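S.K.: First the structure, then my questions, so here it is.
Protein chains: 4
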Amino acid sequence: MPRKEQTLRNTTTGASTEAAIRTMSNDDNLVHERRQFIAGRALPLFVRQGFNRTSVREISQACDMSIGAVYHYLGSKDDIGLLVAEQMRREMIEFMNHAFEDPRPVESLRSSIAEWCRLCDRLKDNVLFLYREPRNIKEAVQKRIAEVDEQCISMFDKVLTMGVEAGVFKIANTRLFALNVYVLGNMWAFGRWYVGKFMTLDEYIEFQTDALLSSALNRR
Amino acid sequence: MPRKEQTLRNTTTGASTEAAIRTMSNDDNLVHERRQFIAGRALPLFVRQGFNRTSVREISQACDMSIGAVYHYLGSKDDIGLLVAEQMRREMIEFMNHAFEDPRPVESLRSSIAEWCRLCDRLKDNVLFLYREPRNIKEAVQKRIAEVDEQCISMFDKVLTMGVEAGVFKIANTRLFALNVYVLGNMWAFGRWYVGKFMTLDEYIEFQTDALLSSALNRR
Amino acid sequence: MPRKEQTLRNTTTGASTEAAIRTMSNDDNLVHERRQFIAGRALPLFVRQGFNRTSVREISQACDMSIGAVYHYLGSKDDIGLLVAEQMRREMIEFMNHAFEDPRPVESLRSSIAEWCRLCDRLKDNVLFLYREPRNIKEAVQKRIAEVDEQCISMFDKVLTMGVEAGVFKIANTRLFALNVYVLGNMWAFGRWYVGKFMTLDEYIEFQTDALLSSALNRR
Amino acid sequence: MPRKEQTLRNTTTGASTEAAIRTMSNDDNLVHERRQFIAGRALPLFVRQGFNRTSVREISQACDMSIGAVYHYLGSKDDIGLLVAEQMRREMIEFMNHAFEDPRPVESLRSSIAEWCRLCDRLKDNVLFLYREPRNIKEAVQKRIAEVDEQCISMFDKVLTMGVEAGVFKIANTRLFALNVYVLGNMWAFGRWYVGKFMTLDEYIEFQTDALLSSALNRR
DNA sequence: CATGAATGAGGTTTCATTCAT
DNA sequence: TATGAATGAAACCTCATTCAT
Chain A
1199 MPRKEQTLRN
1209 TTTGASTEAA
1219 IRTMSNDDNL
1229 VHERRQFIAG
1239 RALPLFVRQG
1249 FNRTSVREIS
1259 QACDMSIGAV
1269 YHYLGSKDDI
1279 GLLVAEQMRR
1289 EMIEFMNHAF
1299 EDPRPVESLR
1309 SSIAEWCRLC
1319 DRLKDNVLFL
1329 YREPRNIKEA
1339 VQKRIAEVDE
1349 QCISMFDKVL
1359 TMGVEAGVFK
1369 IANTRLFALN
1379 VYVLGNMWAF
1389 GRWYVGKFMT
1399 LDEYIEFQTD
1409 ALLSSALNRR
Chain B
1199 MPRKEQTLRN
1209 TTTGASTEAA
1219 IRTMSNDDNL
1229 VHERRQFIAG
1239 RALPLFVRQG
1249 FNRTSVREIS
1259 QACDMSIGAV
1269 YHYLGSKDDI
1279 GLLVAEQMRR
1289 EMIEFMNHAF
1299 EDPRPVESLR
1309 SSIAEWCRLC
1319 DRLKDNVLFL
1329 YREPRNIKEA
1339 VQKRIAEVDE
1349 QCISMFDKVL
1359 TMGVEAGVFK
1369 IANTRLFALN
1379 VYVLGNMWAF
1389 GRWYVGKFMT
1399 LDEYIEFQTD
1409 ALLSSALNRR
Chain C
1199 MPRKEQTLRN
1209 TTTGASTEAA
1219 IRTMSNDDNL
1229 VHERRQFIAG
1239 RALPLFVRQG
1249 FNRTSVREIS
1259 QACDMSIGAV
1269 YHYLGSKDDI
1279 GLLVAEQMRR
1289 EMIEFMNHAF
1299 EDPRPVESLR
1309 SSIAEWCRLC
1319 DRLKDNVLFL
1329 YREPRNIKEA
1339 VQKRIAEVDE
1349 QCISMFDKVL
1359 TMGVEAGVFK
1369 IANTRLFALN
1379 VYVLGNMWAF
1389 GRWYVGKFMT
1399 LDEYIEFQTD
1409 ALLSSALNRR
Chain D
1199 MPRKEQTLRN
1209 TTTGASTEAA
1219 IRTMSNDDNL
1229 VHERRQFIAG
1239 RALPLFVRQG
1249 FNRTSVREIS
1259 QACDMSIGAV
1269 YHYLGSKDDI
1279 GLLVAEQMRR
1289 EMIEFMNHAF
1299 EDPRPVESLR
1309 SSIAEWCRLC
1319 DRLKDNVLFL
1329 YREPRNIKEA
1339 VQKRIAEVDE
1349 QCISMFDKVL
1359 TMGVEAGVFK
1369 IANTRLFALN
1379 VYVLGNMWAF
1389 GRWYVGKFMT
1399 LDEYIEFQTD
1409 ALLSSALNRR
């Protein structure tokens, strides 16, 4: 599906967010690896205690590193937010590149919902962080995230539109419907209503897909 | 519908959160009024800049008060979070006491969705605050909020279950469906995807209601 | 014993400490009465929590008065310290005017020790306050207190000297011995070593008097 | 005199107060050294101005450190009080372990009085602080201090009792007599009556020892 | 590369005192 | 005379960041 990829490449090309982060090291691989490590250890702390209530000292301790070492690979605490955002972005782009292999609308919608929910489940903490701490992510990076959000929604929109054009779906507002799909993935990640307490991820995917399809399918 | 009201009363009774907040004044009316005023001025700041990035000095300035005056009516900055939560809670209880006058499932669902969305629209900032800053709200108060959330979802659940029992709806998992209704209200409040940019609240309510109904309705 | 009284009058004459405290009222009796009341309620708080850790609000509440009322009779929180000091001073002067009716050295020492201990017991809190919070009493007032301290010690000194001159006592350094008598009174007031836990005031007086006498008495 | 030492060790064992103080550093030696330094610079300020009237800023300036550096080694301003108390405690334990080598009651009393007075002279400011600012020392630490106070008094008591049993002393209440010895040391540290103005420490020790002995000695 | 001591601006909070009512 | 809301300076403390080692 080269068309899609081009579209994506067009809008997401540009200096990688990560490359903009200051470091004292020249070993790119090491830098990347250490940053992922730090972000991975910091993120649960952010989710549990909040970004502002988590000190760099705590982060360095969670990493079994010195404070100086953390700053060796990062320019500032805020940069960890960028890494979290960037990881989400990377995975979403990955997701968009691999979903929709199927040209059949129903199958395509099914698989994209499932994949999307699985992605949100895997990056639960990133999703939460992006909801909760937008003020701790640089405006520019928020925009980059908004962009992939938008692309993601557009992708769902396209699948739906395709289905509508094929006469398989009947949807009054595909854009809003696509947004619903998007939110439904995030919703699983939100621990707030304990969805995970009374349902497995697979059941969740199944029920939600069925509900959406029963609403979208064109009957006549 | 007295049964519902009783249920609600039973679970929501308890010492008001507000009464637990320290104050230097004995004039209850004044205290309440000033607190609402302070919370009202502070909330937009929190939403715009984040709770931690908003200083008490800024809040006092936004209120045209001295810092000391703010602390005359509040025990701490965190207490403003409680007020925000409490306001949401109050309005949700109010909402639950007045919705669903209609015994017809479809009408009842329609009106409850509409009212719920309007409530979320009205308390947009409170909704956002509760999503973003849970770590700045005392555990106990988060629980109180979770309680009304739960009651609210249960309420939607009951409407749906009623409809299912009446043979009007056909829903695989009413609980999850109810959760979808709940989230759909919050979703409007979330500026993140700019739903409001391409749609009015009324349109949003209409489209979403239709989509949900088309999914829920039992077609023989 | 007019000689003594003259001495005292000479050094203690001067503007009363209390008269120097600002007030909004002209009714001298009322002012005095209220001040004693306030000081009496505040002193235990100071002893229990410390002067600085006791707020004017707390004091006003302990007095069942408004903050404004407290300031109606006092110019500042510090003034309460002055009142405490002044009360001690007044009682010590009173004490000095009435002790020593007896010309016999031993009897005179006995009674003055006993009276002094009883005074310290009665003004326990004042004694403690003067030890603990000298930095919260104006320099000038500290000096006035030091003056009566000095007079008190001198008084004991005189009794001892009289005894030495009469050949009844044999004391190497009457000044230091007098100081010991003084401290022994304060010592009772100091809860720190729980003297009061294993001894009544009367026993304390008896033992201490005997010990001092057995040290002071001239044997040959 | 191994029995005494054992007794002391038994009751004074326990987690060091200092170990309970929070620090950002892991270098125990550095932490201890810096804390002693800070406490040493702060204590005279406390004595001169009072604990509450001395700000952390002043302390940090007196130490030629930044405020942050002070908090790097201490968890709070109050902790300096603990250090002051702990230093007194340490020295008193040291004192108790080394005094009383002499089995002759009179010599033993003489030397213990002298050593005690010298200790109080050396730790003048600590003594004053403990008298004046008990409300700024955690209850638990006050208790630990009360414990060594008690041990110290008991130690004097034992010496006296030994003398009484040997028929050398005749004392009605050794416990109270011991307390007098204790207080007499503190009394020197109290600047309040300017004992130091008209007497050297050695003279003070001499006079007080003679007075006590002349009271304690058994004259058939 | 790594460490962690040091910095100090800036945050929250307290509280003596004033003054309009 | 009495009230208590309001003030705002100043206190304690945190923590992101730097930099000498």
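Residue numbers (the numbering used here), protein chains in the order written: chain A, 1199 to 1418; chain B, 1199 to 1418; chain C, 1199 to 1418; chain D, 1199 to 1418.
A virtual CB, placed ideally from N, CA and C, is assigned to each residue, including glycine.
All values derive from a computational prediction rather than experimental measurement.
1. Pick out the complete beta strand (DSSP E) segments inside the region 1338-1362 of chain D, 3 residues or longer, and give them in chain order.
2. Which class does F1327 (chain C) belong to by DSSP, given the choice of helix, strand or coil?
3. So G1279 (chain D) contacts chain C; which residues on that side make the cut at Cβ distance below 9 Å?
4. Go ahead and pull the three-state DSSP assignment for N1208 (chain A).
5. Output, in sequence order along the chain, the residues in the region 1399-1411 of chain B whose CB is closer than 9 Å to any CB in chain A.
6. Short of 6 Å in beta carbon distance, which residues of its chain neighbour D1277 (chain B), apart from the five on each side in sequence? Order them along the chain.
7. Does DSSP classify F1375 (chain B) as helix, strand or coil?
8. Can you tell me whether F1405 (chain D) is helix, strand or coil according to DSSP?
9. By how many angstroms is the C-alpha of A1283 (chain D) removed from the C-alpha of I1343 (chain D)?
10. Taking 8 Å as the cut-off, decide whether the C-beta atoms of L1358 (chain B) and I1351 (chain B) are in contact.
11. Following the continuous alpha helix (DSSP H) through P1242 (chain C), name the residue where it begins and the one where it ends.
12. Return yes when the Cβ of F1249 (chain D) is within less than 8 Å of the Cβ of E1337 (chain D), no when it is not.
13. Is the region 1248-1265 of chain A touching the region 1284-1296 of chain A in the sense that three or more CB pairs, one from each, lie closer than 8 Å?
14. Measure the alpha-carbon distance for G1394 (chain B) versus N1378 (chain A) and round it to whole angstroms.
15. According to DSSP, is F1367 (chain A) helix, strand or coil?
16. Please compile the residues from chain C whose C-beta is within a distance smaller than 8 Å of the C-beta of S1274 (chain D).
17. Should T1398 (chain A) go down as buried or exposed, given a rule of 16 or more other Cβ atoms within 10 Å for buried?
18. Taking beta-carbon pairs under 9 Å, can you tell me which members of the region 1280-1295 of chain D lie near chain C?
19. Scan the region 1334-1361 of chain C for residues whose Cβ lies nearer than 9 Å to a Cβ of chain D and list them as they occur along the chain.
20. Could you spell out the range, first to last residue, of the alpha helix (DSSP H) harbouring I1420 (chain B)?
21. Going along chain A in order, which residues have a C-beta closer than 9 Å to the C-beta of R1330 (chain B)?
22. Using 8 Å as the limit for Cβ to Cβ distance, is M1385 (chain D) near chain C?
23. Between A1237 (chain B) and chain A, is any beta-carbon pair separated by less than 8 Å?
24. Interface residues of chain D around G1248 (chain C) at Cβ under 9 Å?
25. Using CA atoms only, rank isn't needed, just tell me which of A:D1323, A:T1221 and A:D1300 is closest to W1386 (chain A).
26. Based on DSSP bridge pairs, tell me the residues matched to L1150 (chain D).
27. F1396 (chain C): buried (16+ other C-beta within 10 angstroms of its C-beta) or exposed?
28. N1295 (chain D) lies in the alpha helix (DSSP H); which residues open and close that run?
29. Provide the residue(s) that pair with L1415 (chain A) in DSSP beta bridges, ordered along the chain.
30. Given a threshold of 16 other Cβ atoms within 10 Å of its Cβ, counted over all protein chains shown, does A1240 (chain C) qualify as buried or as exposed?
31. Which residue from A:F1354, A:A1260, A:N1334 and A:I1257 puts its Cα closest to that of P1303 (chain A)?
32. Compare the C-beta of T1372 (chain A) against all C-beta atoms of chain B and say whether one is closer than 8 Å.
33. Where does K1322 (chain C) sit, in a helix, a strand or coil, going by DSSP?
34. Just to confirm, are I1265 (chain A) and I1403 (chain A) a CB contact at a threshold of 8 Å?
35. Tell me the rounded alpha-carbon separation between E1425 (chain B) and Q1259 (chain B).
36. Using a cut-off of 8 Å between C-beta atoms, extract the partners of V1393 (chain A) located in chain B.
M.R.: According to the data block:
1. Complete beta strand (DSSP E) runs here, min 3: none at all.
2. Translated into the one-based positions of the third sequence, residue 1327 (chain C) becomes position 129. DSSP, read as helix, strand or coil, puts F1327 (chain C) in helix.
3. Here the question's residue 1279 (chain D) lines up with position 81 in the fourth sequence. Those within 9 Å of G1279 (chain D) in chain C number zero; the least Cβ separation is about 12 Å.
4. Taking the first sequence and counting its residues from 1, the one referred to as residue 1208 (chain A) is at position 10. With a pLDDT of 34 at N1208 (chain A), under the threshold of 50, the modelled position of that residue is not reliable, and the figure given next carries that caveat. Here N1208 (chain A) sits in helix by DSSP.
5. Flagged, chain order: E1401, Y1402, E1404, F1405, Q1406, D1408, A1409, L1410 and L1411.
6. Locating residue 1277 (chain B) in the second sequence gives position 79, counting from the first residue. Within the same chain, I1219 come within 6 Å of D1277 (chain B) by CB-CB distance, once the 5 residues on both sides are set aside.
7. For the purposes of this step, residue 1375 (chain B) is taken as the residue at position 177 of the second sequence. The answer is helix: DSSP assigns F1375 (chain B) an H, G or I state.
8. As a working mapping, residue 1405 (chain D) is identified with position 207 in the fourth sequence. Note: F1405 (chain D) maps to helix in three-state DSSP.
9. Mapped onto the fourth sequence, residue 1343 (chain D) falls at position 145. Mapped onto the fourth sequence, residue 1283 (chain D) falls at position 85. The straight-line gap from Cα to Cα measures roughly 7 Å.
10. Numbered from 1 along the second sequence, position 160 holds the residue referred to as residue 1358 (chain B). Numbered from 1 along the second sequence, position 153 holds the residue referred to as residue 1351 (chain B). No, the pair does not count as a contact, with Cβ atoms beyond the cut-off.
11. Here the question's residue 1242 (chain C) lines up with position 44 in the third sequence. Taken as a continuous stretch (DSSP letters only), the alpha helix (DSSP H) holding P1242 (chain C) covers D1226 to Q1247.
12. Counting from one through the fourth sequence, the residue named residue 1337 (chain D) turns up at place 139. Counting from one through the fourth sequence, the residue named residue 1249 (chain D) turns up at place 51. No, the Cβ-Cβ distance between E1337 (chain D) and F1249 (chain D) is not below 8 Å.
13. no
14. If you number the second sequence from 1, residue 1394 (chain B) lands on position 196. If you number the first sequence from 1, residue 1378 (chain A) lands on position 180. Taking the straight line joining both Cα atoms gives about 14 Å.
15. Residue mapping note: residue 1367 (chain A) aligns to position 169 of the first sequence, counting from 1. Secondary structure of F1367 (chain A) (DSSP, three-state): strand.
16. Numbered from 1 along the fourth sequence, position 76 holds the residue referred to as residue 1274 (chain D). What S1274 (chain D) touches in chain C, judged by beta-carbon distance under 8 Å, is nothing: the nearest beta carbon there is about 15 Å away.
17. The residue labelled residue 1398 (chain A) in the question sits at position 200 within the first sequence. Answer is exposed; the Cβ neighbour count stays below 16.
18. none
19. N1334, A1344, D1347, E1348 and I1351
20. Nothing can be reported for residue 1420 (chain B), as the shown portion of chain B is limited to 1199 through 1418.
21. Your numbering for residue 1330 (chain B) matches position 132 in the second sequence. What R1330 (chain B) touches in chain A: Y1329, R1330, E1331, P1332 and R1333.
22. Counting from one through the fourth sequence, the residue named residue 1385 (chain D) turns up at place 187. Interface residue, yes.
23. For the purposes of this step, residue 1237 (chain B) is taken as the residue at position 39 of the second sequence. Taking 8 Å as the CB threshold, A1237 (chain B) stays off the interface with chain A.
24. The sequence position of residue 1248 (chain C) within the third sequence is 50, counting from 1. Those within 9 Å of G1248 (chain C) in chain D are F1249, N1250, E1331, P1332, R1333 and N1334.
25. Walking along the first sequence from the start, residue 1386 (chain A) turns up at place 188. The candidate whose alpha carbon is nearest that of W1386 (chain A) is A:D1323.
26. No answer is possible for residue 1150 (chain D): it lies beyond the span of chain D, which begins at 1199 and ends at 1418.
27. Working through the third sequence from its first residue, we reach residue 1396 (chain C) at position 198. Under the 10 Å beta carbon count, F1396 (chain C) is surrounded by fewer than 16 other beta carbons and is classified as exposed.
28. The residue labelled residue 1295 (chain D) in the question sits at position 97 within the fourth sequence. First-last of the alpha helix (DSSP H) with N1295 (chain D): D1276 to H1296.
29. Residue mapping note: residue 1415 (chain A) aligns to position 217 of the first sequence, counting from 1. Looking at the DSSP assignment, L1415 (chain A) forms a beta bridge with A:F1367.
30. Here residue 1240 (chain C) refers to the residue found at position 42 when the third sequence is read from its first residue. Result: buried.
31. Position 105 of the first sequence holds residue 1303 (chain A). The shortest C-alpha separation from P1303 (chain A) is found at A:F1354.
32. Residue mapping note: residue 1372 (chain A) aligns to position 174 of the first sequence, counting from 1. No Cβ of chain B is located within less than 8 Å of the beta carbon of T1372 (chain A).
33. Locating residue 1322 (chain C) in the third sequence gives position 124, where the first residue counts as 1. Three-state result, K1322 (chain C): helix.
34. Walking along the first sequence from the start, residue 1265 (chain A) turns up at place 67. Walking along the first sequence from the start, residue 1403 (chain A) turns up at place 205. Going by C-beta atoms, I1265 (chain A) is not nearer than 8 Å to I1403 (chain A).
35. One cannot answer for residue 1425 (chain B) here, as it falls past the ends of chain B, which runs 1199 to 1418.
36. Start at 1 with the first residue of the first sequence, and residue 1393 (chain A) comes out as number 195. Those within 8 Å of V1393 (chain A) in chain B are L1374 and L1377.
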